[in-house]
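Worksheet: the structure to be examined is printed underneath.
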Amino acid sequence: MSISENQQRLLKKLPGVDHVLEIIRNDNSYDHVPHSVVLSSIRSVIEKLRQSVLDNNEEITDDHFANTFIFNKVSSAIVKKMTLNLKRTINAAGVVVHTNLGRSLLSDEAVKHVTDTAQRYSNLEFNIETGKRGLRYSAVEDIICEISGAEAALAVNNNAGAVLLALDTVANGKEVIVSRGELVEIGGSFRIPDVMTKSGGILKEVGTTNRTHKKDYDDAVNDNTGLLLKVHTSNYSVVGFTASVSLEDMVAIGKEKNIPVMDDLGSGTFIDLSKYGLSKEPTVQESVEAGVDIITFSGDKLLGGPQAGIIVGKQKYIDKIKKNPLTRALRVDKMTLAALESTLRLYRDEKKAVSIIPTLRMLTMPIEKTEETANIIIEKLTSITRGKNKLTVKSLDLSSRAGGGSLPLLDLPSKCVGIMIEGLSASSLEKKLRFNTPAIIGRIEDDVLILDPRTIQDDEPELIKTAFENILL
Ligand SMILES: *Cc1c(COP(=O)(O)O)cnc(C)c1O
27 MSISENQQRL LKKLPGVDHV LEIIRNDNSY DHVPHSVVLS SIRSVIEKLR QSVLDNNEEI
87 TDDHFANTFI FNKVSSAIVK KMTLNLKRTI NAAGVVVHTN LGRSLLSDEA VKHVTDTAQR
147 YSNLEFNIET GKRGLRYSAV EDIICEISGA EAALAVNNNA GAVLLALDTV ANGKEVIVSR
207 GELVEIGGSF RIPDVMTKSG GILKEVGTTN RTHKKDYDDA VNDNTGLLLK VHTSNYSVVG
267 FTASVSLEDM VAIGKEKNIP VMDDLGSGTF IDLSKYGLSK EPTVQESVEA GVDIITFSGD
327 KLLGGPQAGI IVGKQKYIDK IKKNPLTRAL RVDKMTLAAL ESTLRLYRDE KKAVSIIPTL
387 RMLTMPIEKT EETANIIIEK LTSITRGKNK LTVKSLDLSS RAGGGSLPLL DLPSKCVGIM
447 IEGLSASSLE KKLRFNTPAI IGRIEDDVLI LDPRTIQDDE PELIKTAFEN ILL
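Using this note's numbering, the final residue of the sequence shown is 499, and nothing's skipped along the way.
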């Protein structure tokens with residue numbers, strides 16, 4: 027590769043590390059920053075500049091070699107390195123169980139329990155009564171059984187792990203009968219057929235995408251059948267000419283042929299949400315009552331707790347699962363157990379659960395409350411003086427979503443705030459909000475930036491105002 031004269035000239039202008047270091051150290055702003063961070067920031071800026079010259083990037087001019095330009099570049103590199111990667115984000119998208127934004131928020135009770143357990147020793151695997159070794163699962167087993175009505179329970183790392191573990195325990199080397207309409211893929215490439223393969227289970231599909239009948243299961247059962255599996259299609263819905271086999275029918279077949287029945291509920295809720303104006307999702311208790319042997323669900327979808335996978339069911343199968351060596355690989359840590367235990371205890375009082383568990387509170391939030399927050403945001407934004415004439419803010423009747431692969435068809439009516447800034451496209455505004463600290467994640471509808479109050483927390487309208495003050499500067 028030949029290098030032009032201009033490129034050679036620019037390469038000679040590249041500053042040395044020591045020279046830039048002196049400029050940075052002359053400014054006291056970075057005195058607290060570790061030397062290694064300053065050095066690596068300088069090196070990466072110089073290296074980027076060198077690469078741009080070598081690539082013959084036409085945007086590179088002499089200005090890019092000026093001290094102030096380099097200083098600013100290194101400054102932003104330092105700030106980026108010194109900022110935590112995992113950080114607070116404002117969910118203004120109106121998707122309650124937003125997988126990309128951390129799914130469920132913990133209640134104050136759960137957070138306090140996590141802090142206490144993390145900062146102090148605990149009886150994680152110690153039985154205080156006997157003074158001997160205890161079992162870590164015992165912290166949550168009783169409360170899960172109390173709420174669900176199940177004989178036994180176990181919590182693991184996540185529901186994907188719970189499904190894998192259950193299949194590996196009961197169906198390794200055996201056929202697992204699943205309806206074609208239930209071979210779901212959950213975001214992040216978790217596909218039932220793939221998990222089946224990993225667990226050593228042999229997938230036996232029955233029925234068609236839209237219709238599966240009891241006879242399909244009856245005909246598919248043979249000597250090598252290890253499990254009848256139902257998968258709750260929690261993130262989509264087959265509508266129209268459909269038929270599926272009820273859990274009761276599956277349990278009847280299982281009893282008759284002596285084959286266990288498993289129900290992967292995915293979203294897993296303890297509360298019949300249709301009482302609160304949402305659509306009906308199957309509850310864990312219904313599955314238990316139907317006589318299902320193994321039931322799996324997430325801790326951080328509709329349950330509103332920490333990331334976890336919960337397995338409940340018949341003692342016989344849960345005991346087998348507990349003995350599977352994979353259980354150790356999927357075990358939950360003490361912070362998860364603490365958050366889970368405290369979240370689960372809130373379910374003893376359903377009203378309390380719905381008002382205190384953030385996921386349930388936001389899902390059942392009345393439109394009046396979204397309107398109240400929308401008005402607060404509108405008031406704050408219209409009180410901004412600088413650049414005020416460029417700003418258009420209006421209230422819009424739109425819908426929020428449950429998210430997290432839950433309640434796929436459900437629209438939750440929400441009073442939203444639509445915002446336009448003259449001279450700025452909706453996508454540029456969306457980007458500016460995303461780059462704010464904390465990042466604000468809105469959505470765009472019909473070329474208008476939308477903030478949905480349903481998922482905006484009480485202390486956030488003020489932060490949103492500050493973001494707009496900066497954008498309008
Ligand atoms: C979400 C989901 C899973 C995976 O659960 P994670 O908690 O995300 O691991 C498995 N099965 C179904 C049906 C689901 O909806």
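Cβ atoms here follow ideal geometry from the backbone N, Cα and C, with glycine treated the same way.
Any non-hydrogen atom of ligand 1 closer than 8 Å to residue i Cβ
i: H258; result: yes
i: V189; result: yes
i: L291; result: yes
i: K327; result: yes
i: N126; result: no
i: Q341; result: no
i: S324; result: yes
i: F91; result: no
i: Q501; result: This structure cannot speak to residue 501, because the chain is shown only from 27 to 499.
i: F216; result: yes
i: V210; result: yes
i: N184; result: yes
i: G430; result: yes
Same chain only: Cβ atoms within 6 Å of residue i, ignoring 5 sequence neighbours per side
i: V43; result: I68
i: A186; result: F216
i: G199; result: G226
i: I382; result: S133, L372
i: I445; result: V419, L475
i: N248; result: none
Contact set for residue i: own chain, Cβ-Cβ below 8 Å, skip 5 residues either direction
i: T268; result: G207, N236, R237
i: I116; result: P464, A465, I466, I467, I482, Q483, E486, L489, I490
i: I170; result: A176, A179, A181, I336, V338, L370
i: L451; result: The question names Leu, but residue 451 is Ser in the sequence shown. D473.
i: I470; result: A452, S453, E456, I476
i: L65; result: V43, L47
Expected contact under 8 Å - CB spacing of residue i and residue j to nearest Å
i: K327; j: G303; result: Incorrect: roughly 19 Å between the Cβ atoms, too far for contact.
i: V318; j: G339; result: 7 Å
i: V443; j: L477; result: 5 Å
i: A192; j: I403; result: A192 to I403, Cβ: 45 Å. No contact.
i: K420; j: S148; result: Not a contact, Cβ separation roughly 51 Å.
i: A334; j: T309; result: A334 to T309, Cβ: 18 Å. No contact.
i: V123; j: S432; result: 6 Å
i: A364; j: T143; result: 4 Å
i: G429; j: T125; result: 7 Å
i: R343; j: V196; result: The sequence given here places Tyr at residue 343; Arg does not occur at that position. Confirmed, Cβ separation roughly 6 Å.
i: P479; j: T396; result: 4 Å
Residue i Cβ short of 8 Å to ligand 3 heavy atom set
i: R387; result: No copy of ligand 3 occurs in the structure displayed; its ligands are ligand 1 alone.
Neighbourhood of residue i by C-beta distance below 7 Å, restricted to the same chain and skipping five residues each side
i: V79; result: Q33, L36, L37, I86
i: V277; result: V287, A316, G317, V318
i: N93; result: I49
i: S425; result: D437, L438, P439, S440
i: M108; result: V59, V63
i: V189; result: V221, D290, T322
Minimum Cβ-Cβ distance from residue i to chain C less than 9 Å
i: A186; result: Among the chains in the structure shown there is no chain C, since it carries only a single protein chain.
Meets three-Cβ-pair contact criterion under 8 Å: the segment 282-300 and the segment 313-324: yes
contact_flag[the segment 460-470, the segment 94-104] where n(CB pairs < 8 Å) is 3 or more: no
Cβ pair count under 8 Å reaching 3, the segment 150-160 against the segment 366-380: no
Meets three-Cβ-pair contact criterion under 8 Å: the segment 190-204 and the segment 240-260: yes
Whole runs of the beta strand (DSSP E) within the segment 285-323, excluding any shorter than 3 residues: 287-292
Inside the segment 226-263 only - alpha helix (DSSP H) runs reaching at least 4 residues: 240-246
Minimum length 3: unbroken beta strand (DSSP E) runs contained in the segment 318-381: 320-324, 335-339
Unbroken stretches of the beta strand (DSSP E), 3 residues or longer, contained in the segment 69-153: 115-117, 121-123
Any 3 or more C-beta pairs closer than 8 Å across the segment 68-88 and the segment 41-56: yes
Cβ contact check for the segment 237-247 and the segment 270-277: 3 or more pairs under 8 Å: yes
Runs of beta strand (DSSP E) wholly within the segment 150-200 (minimum 3 residues, chain order): 178-182
In chain order, each beta strand (DSSP E) run of at least 3 residues that lies wholly inside the segment 382-441: 417-429
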